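The structure under discussion appears below in the form of structure tokens.
In the numbering used here, the protein residues as written are -16 to 112.
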């Protein structure tokens, strides 16, 4: 499997085969398989988004609760691909892209959110603000 967006179809099939839902992939979050999948998806996203780079925000014991760097923040200790280091820049979280494969939208979800869930992995590559 080369490092190409087309190879995401094979990875997507493997994710759907191995994990029944988001709880299952969350439980395996630190497994070698999921970690490699996260970095693979992120590296493809980095390459297709000109100027994008990997970003990782380590935990900061001095961060206020909920602030970037705090354990409660989604930005903390989660690799992301972004156009800049600031939290507000367009970005994508590869782990969230994998989770989204396993979510079925319901009628209460807004149209934009529902379109992202359960869709092809390759649709998650474009960075969003």
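Just so you know, even glycine gets a beta-carbon here, dropped at the ideal spot from N, CA and C.
Predicted, not measured: the structure shown is a model, and the values here were computed from it.
Classification of residue 87 by the beta-carbon crowding that lies within 10 angstroms, buried from 16 upward: exposed
Residue 58 in three-state terms, based on DSSP: coil
Under a three-way DSSP split, which group does residue 24 fall into? helix
State the start and end residues of the unbroken beta strand (DSSP E) segment that holds residue 63. 63 to 65
Please state the DSSP three-state secondary structure of residue 97. Bear in mind that the predicted position of residue 97 carries a pLDDT of just 46, short of 50, making it too unreliable to give a figure here.
Excluding the 5 residues preceding and the 5 following residue 68 in the sequence, name in chain order all residues of the same chain whose CB lies nearer than 7 Å to its CB. 38
Could you pull out every residue in the same chain whose Cβ sits closer than 6 Å to the Cβ of residue 11, ignoring the five residues on either side in sequence? 17
Which one of -8, 52, 23 has the shortest CA to CA distance from residue 76? 23
Can you look up residue 110 in the DSSP assignment and give me helix, strand or coil? coil
Going by DSSP, what residue range makes up the alpha helix (DSSP H) through residue 10? 5 to 10
Residue 35 and residue 57: beta carbons closer than 8 Å? no
Cβ-based neighbour list, residue 41, same chain, cut-off 7 Å, excluding 5 preceding and 5 following: 60
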